[in-house]
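Okay, so here's the structure we're looking at.
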């Protein structure tokens, strides 16, 4: 590491790369059963500032290796064995390293902040792996993280700053993300067994401090952090510090092939609990009739017992070979109804993923329409139109079947209205196809805290990042169970739906919104319409916050145990002519004052007074 | 009719099923998709012991063949067993009723005829589900449920009994088909031949069954504006013509007059032309003999041929 500007003589600190490397070494070092000190090889040792700790803490014989004489002199002066070495091809490097170890037992190797400086780093890694293998030695390696948010935020906006040392040391010849490091190591036969990365929320690349993508108070920074924190768990990692064992190479190369992987256009995800096999047959038949057959079918069986699993397998096996080849059954035994969606997405290989639950059905141009939209607007959330139809389960001639009981209703709008979706969902999941990018590249997963409305939440979160392409075509039928048949509408109490709504609203308000072009005009229109209805004049600053607060208050009251426990009382009152129950869907359309009035009405209601003891027991503050 | 003969062939390893479809300017890709799924349904039906032999017969009414030689050779080889492909290019547009009659007349094979549209995609165990009701006596016709738009006509939830069956996909014992002389092709060209046939089945003392567990995919499209049905011009013409003939044949002179006046006074171009054609047939005494004078069978409900569960 020849750098005329810095010496790299950094002190050992418990919270820097040296401290983390030694801590990690301690976790993975095997206790020696043999007499005499084993060797610890510090490749690219620099000034060897870990030497004393390695010797004293682990009773290892420290050996430093570097090309820079200044560091080696320091080590010699401190009484440590060290060697000068230049590393080029695999054979010479391995011979050199073996020569340094000689007949001694090798316990461990450190290779700290060195790999990024080496033009022949891959050969070096393979040589280290080969050296380690007969000794079952452990390697601790570290490299700077080029995906640190300070670098990424600036690069996204066209700025890239080399510095004398640090994350973008001007002498670096290789740059590493977490994934590229892992691939590089696996290609050399080094398998990660642990890690203790060094995190720095503010790195040496945090300049200029006035850059809008860096300054902590800006909306842009908030947006980057909001997206970045899901996309990667290492945005604040300064250096990856990882432990490895030697084994066979697990990747063909350290780099990715540039050719695009062939994917099906669509992954169709069907959740089933196996309770209505006749519905699954209908889904299967609709898929067999698609005009565009470039799809795979992932059936996620959730908490299936053996009998139901066999029944589903029999149905899937009955498909024509062309469909059978493209069908996967994924078994999920845990979690709520949202969990199977994440598991299904994880195994989906399609460019887009669509949710076709086992009680919905689709028209022949369902996939064809998604493809048309994707051709015009690649990468967007694709949205066609669903019609709703009520169904019931029947036993006709002794065979279970589904019977439509009402007409096909066009209840959902022909195009996607983002603003409308901020307050209520008007897009059944079967009518959309999600691009794979948000899930796989941005880490936007289904929120498993939600036990209902998980589809609305996900649609909104994806739509706000990638935008939406809409088609007016009706391509699916969203079924509602007309009888007491089990469905998400009957499985979950009203209070649970309300709590989930409140959580979604809270999440919406916790991050900046990325709105598509044209949104400003729509907002102006909405404000103009509101001003026409409210003659008192302009909206005051803070009103939005007040409204949001009033809405949250009402939602909390409606979801409270007190309100739920006293529901029978209100039912009795309504039978005597009292006003009907407050409908959740109406709330977002009310003014702040109307929401406050509802809150007051609830608090002054007889049922609220009646349930006062419950609140006292629970320490309720409302 | 000796209905006892109908109980013989139900679900036996030697039962021969003949599937019939009439082609008219269809897209070969749609037919191919259908055949692929029919083939799988055949494999399962035979391995499950529902039947022993299945023939898929096409009568092509298009000016030039929809299925070319290359297609027939490839698919014939691919599906040699257990599905026999039997293709006939008629070279003239016979309509569905006459087309099916001619196709059925080309071979006396088959214990059952499955009349279906050529673009229908069957569910894998369709045949088993359609044959099932024939375990009971007096069943003359069994209809499959269409997806994604289920037909709204009413049926008995417990038994499946209904007033009429569409022939988008319906199973008929060969004996019943022959005994009734097939479809009334002299009266009907494209529409209502199935309603009329169903009523003939019931008139013969047999039941028409809707089997909702027997599903087929029959691609339809809805209007983006109102999710309604958008009939083509041909559909408007032939359904208007058929409605008047049905009313005449099943002794509802009041409805004949009602429809005639309605089409003449308020109909679109196609319905007016249909009214003209009907008057001409009347003048030429070219209409079927009216039957069911006491209206035991013909169930006209409003403008429909039976009670519907909901509006489509």
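Chains as they are written, first to last, in the UniProt record's numbering: chain S, 1 to 622; chain C, 1 to 312.
All residues carry an ideal CB built from backbone N, CA and C; glycine is no exception.
Since the model is a prediction, treat every value here as computed from it, not as a measurement.
Closer than 8 Å to chain C by CB, residue i
{"i": "residue 414(S)", "result": "yes"}
{"i": "residue 433(S)", "result": "no"}
{"i": "residue 469(S)", "result": "no"}
{"i": "residue 285(S)", "result": "yes"}
{"i": "residue 363(S)", "result": "yes"}
{"i": "residue 385(S)", "result": "yes"}
{"i": "residue 257(S)", "result": "no"}
{"i": "residue 278(S)", "result": "yes"}
{"i": "residue 410(S)", "result": "yes"}
Integer Cβ distance of residue i from residue j, believed to fall under 8 Å
{"i": "residue 239(S)", "j": "residue 144(S)", "result": "5 Å"}
{"i": "residue 21(S)", "j": "residue 112(S)", "result": "6 Å"}
{"i": "residue 59(C)", "j": "residue 115(C)", "result": "Not confirmed; about 11 Å, so no contact."}
{"i": "residue 305(C)", "j": "residue 163(C)", "result": "7 Å"}
{"i": "residue 474(S)", "j": "residue 222(C)", "result": "5 Å"}
Residue i in three-state terms, based on DSSP
{"i": "residue 475(S)", "result": "strand"}
{"i": "residue 105(C)", "result": "helix"}
{"i": "residue 262(S)", "result": "coil"}
{"i": "residue 37(C)", "result": "helix"}
{"i": "residue 18(S)", "result": "helix"}
{"i": "residue 398(S)", "result": "coil"}
{"i": "residue 61(S)", "result": "strand"}
{"i": "residue 31(S)", "result": "coil"}
{"i": "residue 40(S)", "result": "strand"}
{"i": "residue 270(S)", "result": "strand"}
{"i": "residue 308(S)", "result": "helix"}
{"i": "residue 298(C)", "result": "coil"}
{"i": "residue 537(S)", "result": "At residue 537(S), the pLDDT of 48 sits below 50, so the modelled position is not reliable; the number obtained from the coordinates is stated separately. In this structure, residue 537(S) counts as coil in the three-state DSSP scheme."}
{"i": "residue 344(S)", "result": "helix"}
{"i": "residue 497(S)", "result": "helix"}
{"i": "residue 112(C)", "result": "strand"}
Beta-carbon neighbours of residue i, restricted to chain C and to distances below 7 Å
{"i": "residue 477(S)", "result": "148"}
{"i": "residue 474(S)", "result": "222, 224, 227"}
{"i": "residue 282(S)", "result": "147, 215"}
Any C-beta of chain S under 8 Å from that of residue i
{"i": "residue 217(C)", "result": "yes"}
{"i": "residue 123(C)", "result": "yes"}
{"i": "residue 21(C)", "result": "no"}
{"i": "residue 226(C)", "result": "yes"}
{"i": "residue 98(C)", "result": "no"}
{"i": "residue 211(C)", "result": "yes"}
{"i": "residue 45(C)", "result": "no"}
{"i": "residue 33(C)", "result": "yes"}
{"i": "residue 275(C)", "result": "no"}
{"i": "residue 129(C)", "result": "yes"}
Interface residues of chain S facing residue i [CB-CB closer than 7 Å]
{"i": "residue 78(C)", "result": "Within chain S, no residue comes near residue 78(C); the closest Cβ sits about 11 Å away, beyond 7 Å."}
{"i": "residue 36(C)", "result": "320, 322"}
{"i": "residue 102(C)", "result": "The premise fails here: residue 102(C) is roughly 28 Å from chain S at the closest Cβ pair, so nothing lies under 7 Å."}
{"i": "residue 311(C)", "result": "407"}
Chain-ordered chain S contacts of residue i [CB-CB under 8 Å]
{"i": "residue 132(C)", "result": "397, 399"}
{"i": "residue 230(C)", "result": "Residues of chain S passing the Cβ test: none, with the nearest at roughly 11 Å."}
Neighbour list for residue i in chain S, Cβ cutoff strictly below 9 Å
{"i": "residue 202(C)", "result": "Simply none; closest approach about 18 Å."}
{"i": "residue 159(C)", "result": "396, 397"}
{"i": "residue 272(C)", "result": "Within 9 Å Cβ-Cβ: nothing; residue 272(C) doesn't reach chain S, min ~29 Å."}
Per-residue contacts from residue i into chain C (C-beta, under 8 Å)
{"i": "residue 404(S)", "result": "150, 152, 309, 310"}
Amino acids of chain C, ordered along the chain, whose beta-carbon sits closer than 9 Å to that of residue i
{"i": "residue 299(S)", "result": "Within 9 Å Cβ-Cβ: nothing; residue 299(S) doesn't reach chain C, min ~15 Å."}
{"i": "residue 633(S)", "result": "Shown here, chain S extends from 1 to 622; a query on residue 633(S) therefore has no answer."}
Residue i at chain B interface by Cβ criterion, 8 Å
{"i": "residue 289(S)", "result": "Judged by its chain identifiers, the structure shown contains no chain B, and its protein chains are S and C."}
(Q) Quick test of the definition: if touching needs 3 or more C-beta pairs under 8 Å, does the segment 374-387 of chain S touch the segment 456-474 of chain S? (A) As far as the Cβ criterion goes, the segment 374-387 of chain S touches the segment 456-474 of chain S, which means the pair count is three or higher.
Q) Does the segment 421-435 of chain S come within contact of the segment 350-358 of chain S, defined as at least 3 CB pairs closer than 8 Å? A) Three or more Cβ pairs closer than 8 Å define a contact, and the segment 421-435 of chain S meets that threshold against the segment 350-358 of chain S.
(Q) For the segment 221-239 of chain S against the segment 183-191 of chain S, do three or more pairs of beta-carbon atoms, one drawn from each stretch, fall closer than 8 Å, so that the two count as touching? (A) With the cut-off at 8 Å, the segment 221-239 of chain S and the segment 183-191 of chain S do not touch.
Q) Touching or not, the segment 48-61 of chain S and the segment 77-84 of chain S, by the rule of three or more beta carbon pairs under 8 Å? A) Three or more beta-carbon pairs drawn from the segment 48-61 of chain S and the segment 77-84 of chain S are found closer than 8 Å, and the two stretches are therefore classed as touching.
Q.
Quick check: the segment 164-171 of chain C against the segment 194-202 of chain C, are at least 3 beta-carbon pairs closer than 8 Å?
A. Here the segment 194-202 of chain C makes contact with the segment 164-171 of chain C; the two share three or more CB pairs at distances below 8 Å.
Q.
For the structure I just gave you, are there three or more beta carbon pairs, one from the segment 120-140 of chain S and one from the segment 236-254 of chain S, closer than 8 Å?
A. Cβ pair count under 8 Å is three or more, so yes.
Q: Decide yes or no for the touch test of the segment 119-133 of chain S against the segment 86-95 of chain S: beta carbon pairs closer than 8 Å, at least 3 of them.
A: They touch, by the three-pair rule.
Q) Contact between the segment 97-114 of chain C and the segment 198-205 of chain C: three or more CB pairs below 8 Å? A) Per the Cβ contact rule, the segment 97-114 of chain C is not in contact with the segment 198-205 of chain C (fewer than 3 Cβ pairs under 8 Å).
Q. Does the pairing of the segment 129-144 of chain C with the segment 82-102 of chain C give three or more beta-carbon distances under 8 Å?
A. With contact defined as three or more Cβ pairs closer than 8 Å, the segment 129-144 of chain C and the segment 82-102 of chain C are not in contact.
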